[in-house]
Structure formats: structure tokens, C-alpha cells
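Peer 1: Handing you this structure, nothing more for now.
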Amino acid sequence: MPRWSFTTTLTVVIAAIGLAGCPQSPRDSEPVANFSASPRTGNTGLTVSFSDLSTSGAGGPIIAWRWDFGDGNRSSAPNPTHTYLAEGDFDVSLTVTSSGGSHTRTRNGYIQISSPGGAANLGPEGGTAAAAGVRITAAAGALDENVAFGITRVNTQISFNVFETINRVGDTFEITHDAASTDVAASTADAPVQPLELAIPYAEDVVPTGSRVPGKVHIIAELEGGLVVPLLGQIRAGAVVAPVLRLPNRARYTVVYRPDAYLQTVSTAAKARTSVNWNSSWQLSLSPELLRQLTALRLGSVQRPNSFGARAFTSAQLEDTVAALQAGLAALQADFEAVRGRSPRLVTLDGATPVLFFNSALTYPAAIGGIDRVFYAGSPFGAVVVDPAQLLAISTWNADRYAADDTLVDIAFKLDAPQAVTEVVTRAVVDGYDYPEIHVPSPADGASVPFEAALIEGLALYLGQVYGGVEASRAQLDGDYTLLSTPLMAPADPSTPGYAASAQEFFRYLQNRYAPANPVEYLARGTGAVKGLLGALADSLEATHFVTAEIAARQAATALDNAVFAYLGAPLGEAYREFALDLAFEQGEDAILRPSDAERLPLVLDTARFAPGAQLAGSLGAVDGLDITAGLANIPPLSSRVVRLSVDPAAASLSLEFNRAQWQVDARNQGVAIVVYREGLPGVALGANSSELVFTGFEADLGLATAEFYVLIINSSTSTANSVAIAAITAAE
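With this note's numbering, you'll find the sequence shown wraps up at 750, consecutive numbering, no jumps.
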């Protein structure tokens with residue numbers, strides 16, 4: 018995680034400097050910069066509100082602001098807020114700009130941040146930051162950048178849910194750091210990541226002697242926003258010492274005693290540990306209440322919404338729930354290990370991979386409002402954390418909506434624990450490949466997303482469904498559906514938030530069409546002449562210097578092409594062409610990705626699969642001509658367009674001529690495919706050596722005054738954009 022610092026040196030000679038700071042002398046046309054802030058002093062983690070007090074000059078109103086907060090961070094907002102995560106005295110400056118010029122005011126040492134608990138800088142050489150009994154320890158090489166940690170004892174306590182007994186048995190501490198990412202542990206694709214150690218003290222004397230064990234005594238962290246998650250660690254000398262791969266930039270921590278909680282180990286086949294192998298066991302953190310919640314989830318049904326509220330189960334039913342979790346984890350691990358797939362980037366404790374079940378929210382509303390708005394599973398500190406109560410809330414919400422409208426068959430599913438755990442583990446597997454930090458703008462998300470987001474989200478959803486026993490793609494959000502007009506595996510779409518999840522559909526389509534015996538082989542095989550998608554992509558990007566998003570996208574397409582061809586027997590371009598044909602028009606069995614897909618009429622255009630700008634239209638009279646090029650220039654690799662032509666049925670013929678000579682193919686001879694449809698009739702494909710299609714003897718479509726033709730254009734090249742030109746000509750007898 019490289020960090021960059023920018024330092025500007027400015028020498029100013031001024032006779033006297035007062036509280037007002039160091040203003041430049043403005044001309045009458047320039048604005049005059051001025052500002053205030055509150056609060057100006059406090060401990061690390063202090064959030065300061067800045068107010069612009071500038072006045073405009075004769076040159077007109079202020080149109081731009083540039084704040085420098087003195088700690089390397091900047092803002093262009095008129096009245097920003099900023100959180101200081103390191104101690105020190107910070108100079109603050111504001112530059113305002115109008116059409117008449119710019120003016121800067123600087124206040125030296127304006128913000129003063131201290132850390133009564135303590136602060137320390139740790140770097141690649143390792144060391145310990147300690148205060149008030151709290152320790153953050155980094156072995157040599159555990160960090161790949163210098164990080165400033167702050168530790169403060171606070172009076173505000175963490176609130177817990179009411180589903181089980183939880184006793185706070187120590188002080189509460191706030192820990193901050195200034196790393197650019199929460200992934201503080203050093204990244205390396207060649208060896209298991211080395212975690213940091215977080216030690217939080219507790220009062221041993223208030224915990225019964227026999228209960229001073231990790232299953233009952235562990236750390237609880239409250240993240241910004243109120244989410245509460247557990248950290249599992251070892252008990253050492255009056256402290257819980259937990260391995261962590263990630264740390265929020267600011268969070269509160271305390272130690273709790275849960276008298277009913279326990280650990281249960283589920284084992285897989287014993288084996289020797291290597292850099293790409295998995296642990297031989299999983300350690301489940303449970304309690305009787307959590308196990309009842311998981312059992313209600315396993316036995317519940319969306320056909321019976323009240324079933325998710327059940328809590329009275331037999332011992333055998335409870336044991337079967339643990340067995341189901343074990344079976345799901347064992348199947349996933351066995352398939353990855355069979356192809357020598359890389360292990361997930363997760364922490365290890367006593368030779369096992371922890372999976373912690375915990376009710377992380379204080380309340381669980383009946384109306385979720387969106388599955389993307391709640392935490393149901395993740396690995397915020399490097400261990401798997403799953404919230405069964407949130408899974409129940411999501412499942413009940415789906416059941417209630419389905420009960421109110423039984424046409425909503427695609428949301429009539431429950432989100433079970435094996436599925437949620439698999440999603441987190443899969444994300445951690447992808448994370449283990451340590452792809453370059455390349456981000457793609459996503460206006461729909463209001464932020465940028467990593468170029469590998471489709472692998473992270475789409476693959477996680479797909480494998481979660483496979484190993485969770487779900488036979489349908491998720492249908493909760495707009496981003497769950499593929500737009501054929503957007504390049505395959507794109508991490509973002511201009512108008513669809515969360516679009517990376519849509520990759521789940523292509524993975525499921527490949528499963529339906531090619532039926533791989535091991536669903537992760539073409540994705541994660543780590544050995545052989547051709548590696549799976551994840552490994553091949555990592556190898557190609559590692560060998561490429563100055564990687565951009567465009568280069569990464571091409572490399573990803575090549576890697577997936579090689580994997581699909583090697584393990585599924587088809588070029589990627591061919592697989593995409595069939596995918597596009599099926600989803601756009603054919604609606605064949607392989608395209609049944611959700612229950613509602615079985616009800617779709619075949620040979621009818623699914624307009625929802627194309628963005629508005631990718632659906633073109635034109636009309637022709639009985640004797641007419643039309644050239645269509647607008648909207649068909651530089652069609653990206655692995656994307657599609659559709660043109661609707663409304664033709665006067667009095668015409669004797671319709672001729673469509675294409676600029677085939679200008680089209681390019683990829684290394685596997687995959688290029689532009691053209692198929693022309695009339696709704697309800699089989700498509701007519703442009704021949705391999707032809708540039709023209711001719712239709713005769715047609716009539717008006719039912720209920721219309723015209724004959725409707727749909728030209729489906731699929732650029733199945735994995736590497737080249739293609740421009741398509743169509744000359745449409747109608748003629749009389």
C-alpha cells in the first residue's frame with residue numbers, strides 16, 4: 018500500500034503575524050480568504066467543522082475553494098469537515114478563487130491534536146504501539162508503510178443487542194490510525210499475509226476462572242455507524258490478543274464475557290500446510306441463541322414467513338445445523354484444494370479459520386429497504402463474521418413481500434448461513450491474489466470501484482449460491498442483472514449502482530451450459546499449463562508495468578478466455594455470444610437463471626438487457642434506404658447492441674448490408690456476430706463469409722402497421738472494439 022506525500026514550501030517575510038494568520042495582500046478585484054473552525058483542540062479522532070468566512074471582491078462571487086488541513090488531506094468543499102487521526106499542531110490554509118483572482122490565508126498551528134492515551138508510529142521494521150494496557154504489535158514486515166496509531170480510553174460505552182447475555186468486563190478504548198486503507202497488514206501474493214496483533218485488557222477477576230477462554234471472553238468492536246462485531250483471540254496475561262488483517266481508521270473496543278458462548282471446531286481432511294493451502298479446520302463461535310437462530314434459518318421457508326421466528330428445536334435439529342455448516346465449508350474447501358486454489362486471506366487462530374456468528378445490529382427492522390443497506394456477513398478484521406438475525410430479517414422480508422405479491426417469485430428465497438459464509442470466504446480468496454490497486458470511476462455508486470470488483474462480487478454471489486444450495490441468481494437489486502450493452506465482467510455501469518454483482522449471471526450461465534464437474538476449476542486452478550481465471554489474471558498483471566484500467570480489463574478478458582477454453586472447451590467469445598443470444602432473444606434453458614426466466618416467451622426481445630442508448634431504431638417505407646452508423650461505432654469487446662427496424666410491409670424485400678470487411682477478430686477468431694429476428698420467429702444469422710441478409714415476403718406484425726425486424730449485434734471479440742455500419746434497403750417487386 019504505497020503512500021505518497023506532497024510538500025509545498027512557501028517562504029513569506031512578514032513584519033508581524035497575529036491570530037488572523039498569514040494572508041496575501043489581495044487586489045480590489047480579488048476575494049479575501051478567511052475562515053474559522055470548531056473545535057480546534059482535542060484528542061486523536063477529533064472531527065473539526067470548517068466554515069468559510071471569505072468575502073468576494075469586485076471580480077465577482079467565489080467559485081472555488083481549496084482547503085489544506087495540514088496533515089496531507091485537502092478538500093474543495095466550501096464548508097468541509099475533517100477528522101484528524103494523528104496528534105500534532107496542524108497549519109490550515111484556505112485558497113478561494115473568483116473570476117478576479119485567488120487569495121490564500123494560512124493559520125499556523127491552528128488545530129491542535131493530542132492523544133492522552135498514547136500514540137506511536139509503526140512501520141515495516143515492526144514494533145509496538147501501547148497505551149493504557151492496549152497494545153498493537155506489528156512483526157517485521159507486517160506493515161508495508163508507516164502508520165500512526167492513536168489509543169485513547171473513553172467513557173462512552175458500547176451498546177449490545179438483547180438476544181443473549183453479554184457482560185462488559187473492561188474499559189472501552191478508541192483506536193485510530195492514518196493508513197490510507199483499512200487493509201493495514203502487508204499484502205503479498207506469494208505467501209500468507211502476516212497479521213498484526215491487537216491486545217485489549219480486561220478485568221480477569223470478574224470472569225469465573227473456568228470461563229477465561231476465547232469462546233467466552235473476546236473483544237467487541239463498535240465501528241462508525243454503530244455496527245458491533247466480535248474479534249476472537251487468545252487469553253494472555255489479562256488481555257485478549259487477536260490477530261487482525263484489517264483495522265478501521267477509527268473504532269471503539271472493549272472485552273466482553275458471554276457466559277453461554279462457546280467454540281466448536283469442524284474439521285476437514287488433514288494435510289500439510291503450504292502457501293496456497295487451507296487450514297485443516299474451521300472454528301465456529303456460537304451460543305445457544307445463535308444456534309437457534311441459524312436453525313430457524315435452515316428450517317424456515319419463504320412459503321411460511323412465521324417459520325423464521327421459531328426457536329424451539331430438538332437437539333438433533335440443532336446438531337444438523339452445525340453439520341450443514343460443516344458440509345458447506347468442507348465442499349467449498351475440497352473443491353478449491355482439488356484444483357490447488359489459493360487459500361483465503363483470513364486470519365488463523367490455533368491452526369483454524371475462525372467463523373464468528375454474532376448479532377451485530379441493535380435493531381432489525383421488518384422492512385430492510387435493500388440488502389445492500391445492511392451488514393449480514395463480512396470480514397472487517399480478517400475473520401469471517403455472520404449475523405444470523407440479519408439473515409433472518411432479510412429472509413422474512415422476502416417472505417412477507419412474496420406473501421403480499423406471489424408474482425415476485427425471484428425474491429422468494431432465504432439467505433442462509435452456508436451461502437453467507439461462502440460469499441465472505443470467496444471474497445477473501447480473490448483478495449489473496451493481491452491484484453494491483455486500480456480503480457474505475459462509478460458515477461452510479463458515487464465513488465470508484467476496483468477493476469476486479471466483478472470477480473469479487475459476482476463470483477462471491479455465484480459460489481455462495483452453489484455451495485449454499487441456491488439454484489437461482491440473486492434478484493434483490495438492479496445491479497444483480499447483466500446489461501448486454503455493458504462489456505462483460507465490467508466492474509461498473511454508468512447508470513446502475515452495484516453493477517459488479519451482475520457477473521453472477523455469466524458464471525451461472527457457464528454452469529448451466531457447460532456443466533463443469535468442479536465449479537471452481539476454470540476459476541481458481543493454481544497449477545498446470547493453463548491456470549484458472551484468478552491465477553492467470555494475477556500472473557499477467559504482475560508481468561505488466563504501469564497497469565491501467567484498460568490494460569487490466571484486456572488482461573482479465575484474456576485470462577478468462579484461456580480458462581474457459583482450457584476447462585470448458587469453448588472460447589470466451591463463443592460463450593459470450595451464446596449468452597447474449599439467450600438473454601436477449603432465445604430464452605433457452607441455459608438462460609433460466611431465476612424462476613421467472615422459465616416464464617419468459619422465447620424469441621421476444623428482452624429490452625431490459627440493453628441500456629437506452631444501445632437500443633437503436635429506424636423505419637423504412639416500401640421503397641427506401643437507411644444508413645445506420647450512429648451508436649454502432651467502437652462497440653467494446655464482449656458487448657452488444659440492438660437495432661429495431663420498422664418496415665412497410667408493402668415492400669417486396671428488405672436488404673441489410675454490413676461492413677464486414679472492416680471487422681476485426683481476436684486471437685481465437687471471435688468477432689462480430691449478427692442475428693436478425695422477428696418476434697416469435699427463429700433468428701437468421703449473417704453467414705461466415707457473407708455481408709448481406711435479404712428478407713422477402715413478409716407481412717405486418719400482429720396489431721401493427723409495420724413489419725418489425727430486430728438486428729442483434731454482438732461483438733464477441735475479447736480484445737478489439739468494432740464499428741458496425743448497416744445499409745438497410747427496401748424494394749418493390
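Ideal placement from N, C-alpha and C gives every residue a C-beta, glycine not left out.
Quick one: give me the first and last residue of the alpha helix (DSSP H) that Y593 is part of.
Peer 2: Note, Y593: alpha helix (DSSP H), L589 to L598.
Peer 1: Relative to the alpha-carbon of G449, which residue among Q350, L316, G358 and G135 has its alpha-carbon at the smallest distance?
Peer 2: When each option's Cα is compared against that of G449, the closest is G358.
Peer 1: When DSSP builds the beta bridges, which residues end up paired with D510?
Peer 2: Beta-bridge pairing links D510 to T513.
Peer 1: Tell whether a beta-carbon distance below 8 Å holds between L673 and V689.
Peer 2: No. Outside cutoff.
Peer 1: If contacts are defined as beta-carbon pairs under 8 Å, then A348 and Y484 qualify, I think. What distance do you get, rounded to the angstrom?
Peer 2: So it is a contact: roughly 6 Å between Cβ atoms.
Peer 1: Return the Cβ separation of A749 and A669 in integer angstroms, given the expectation that the two are a contact with Cβ distance under 8 Å.
Peer 2: Contact flag correct, Cβ pair sits at about 5 Å.
Peer 1: Please classify I80 as buried or exposed, where buried requires at least 16 neighbouring CB atoms within 10 angstroms.
Peer 2: So I80 ends up on the exposed side.
Peer 1: What's the gap between the Cα of V441 and the Cα of E725?
Peer 2: If you take the alpha carbons of V441 and E725, they lie about 47 Å apart.
Peer 1: Tell me the residue span of the alpha helix (DSSP H) that contains N529.
Peer 2: Here the alpha helix (DSSP H) through N529 covers A520 to Y531.
Peer 1: In angstroms, rounded to a whole number, what distance separates the CA positions of E606 and A615?
Peer 2: For E606 and A615, the distance between alpha carbons rounds to 8 Å.
Peer 1: Runs of 3 residues minimum, wholly inside the region 206-247: which ones carry the beta strand (DSSP E) assignment?
Peer 2: Segments of the beta strand (DSSP E) lying fully in the region 206-247: 213-218 and 234-240.
Peer 1: Tell me which same chain residues have a C-beta within less than 8 Å of the C-beta of L160, skipping the five on either side of it?
Peer 2: Closer than 8 Å at the Cβ level, and outside the excluded window around L160, lie L139, G140, P141, G143, V201, A202, A203 and L213.
Peer 1: Check each candidate in F107, E454 and G74 and name the one with the smallest Cα separation from G89.
Peer 2: Nearest option by C-alpha distance: F107.
Peer 1: By how many angstroms is the C-alpha of P511 removed from the C-alpha of A815?
Peer 2: Given that the chain is displayed from residue 18 to residue 750, the structure contains no residue 815 and the question cannot be resolved.
Peer 1: When you compare each of T114, L409 and Q300 to V372 by their alpha carbons, which one comes out closest?
Peer 2: Ranking T114, L409 and Q300 by Cα distance to V372 puts Q300 first.
Peer 1: Tell me which residue opens and which closes the alpha helix (DSSP H) that I746 is part of.
Peer 2: Unbroken run through I746 is the beta strand (DSSP E), I743 to A748; no alpha helix (DSSP H).
Peer 1: What distance in whole Å lies between the Cβ atoms of S73 and S115, which are believed to be in contact at a cut-off of 8 Å?
Peer 2: Rounded, the Cβ-Cβ distance is 6 Å, consistent with contact.
Peer 1: Are there 16 or more other CB atoms within 10 angstroms of the CB of A580, so buried, or fewer, so exposed?
Peer 2: Under this definition A580 is a buried residue.
Peer 1: Do I237 and V273 have their CB atoms nearer than 8 Å?
Peer 2: Yes, these two residues count as a Cβ contact at 8 Å.
Peer 1: Below 8 Å, how does it come out for the region 335-347 and the region 449-468: are there three or more Cβ pairs, yes or no?
Peer 2: Output reads no: the region 449-468 does not touch the region 335-347.
Peer 1: Helix, strand or coil, according to DSSP, for F180 in the structure here?
Peer 2: In this structure, F180 counts as coil in the three-state DSSP scheme.
Peer 1: In angstroms, rounded to a whole number, what distance separates the CA positions of S490 and G475?
Peer 2: Cα to Cα, the separation comes out at about 10 Å.
Peer 1: Determine the closest residue to A341 out of V403, D352 and Q436, with distance taken between C-alpha atoms.
Peer 2: When each option's Cα is compared against that of A341, the closest is Q436.
Peer 1: Using 8 Å as the cut-off, can you tell me whether the region 467-482 makes contact with the region 581-597, which would need three or more C-beta pairs spanning the two stretches below that distance?
Peer 2: Cβ pair count under 8 Å is below three, so no.
Peer 1: D417 to A717, Cα distance in whole Å?
Peer 2: So the two alpha carbons sit approximately 45 Å from each other.
Peer 1: Considering only their Cβ atoms, is the gap separating I168 from A197 smaller than 8 Å?
Peer 2: Contact: no.
Peer 1: Is the CB-CB distance between V487 and Y419 below 8 Å?
Peer 2: No, the pair does not count as a contact, with Cβ atoms beyond the cut-off.
Peer 1: Should N376 go down as buried or exposed, given a rule of 16 or more other Cβ atoms within 10 Å for buried?
Peer 2: Result: buried.
Peer 1: Assuming contact is defined by CB atoms lying nearer than 8 Å, are R315 and D433 in contact in what I supplied?
Peer 2: Their beta carbons are under 8 Å apart, which means R315 touches D433 by this criterion.
Peer 1: Determine, using beta carbons only, whether I130 and V245 come nearer to each other than 8 Å.
Peer 2: Contact flag unset, no.
Peer 1: Going by DSSP, which residues form a beta bridge with F86?
Peer 2: The partner list for F86 (beta bridge, DSSP) is empty, contrary to what the question assumes.
Peer 1: Using 10 angstroms around the beta-carbon of V179, count the other beta-carbons present and answer buried if the total reaches 16, otherwise exposed.
Peer 2: Looking at its Cβ environment, which holds fewer than 16 other Cβ atoms inside 10 Å, V179 is exposed.
Peer 1: Is L240 closer than 8 Å to A165 when the C-beta atoms are compared?
Peer 2: Their beta carbons are not under 8 Å apart, which means A165 does not touch L240 by this criterion.
Peer 1: Could I get the ranges of all uninterrupted beta strand (DSSP E) runs contained in the region 68-133, with 3 residues as the minimum, in chain order?
Peer 2: 79-85, 98-101, 105-115 and 118-131, all fully within the region 68-133.
Peer 1: Residues in its own chain within less than 7 Å of D683 by CB, not counting five upstream and five downstream?
Peer 2: Cβ neighbours of D683 beyond the five flanking positions: G590, S734, T735, S736 and T737.
Peer 1: Assuming L280 and G232 make a contact with CB atoms under 8 Å, what is their CB distance in whole Å?
Peer 2: About 4 Å; that satisfies the 8 Å criterion.
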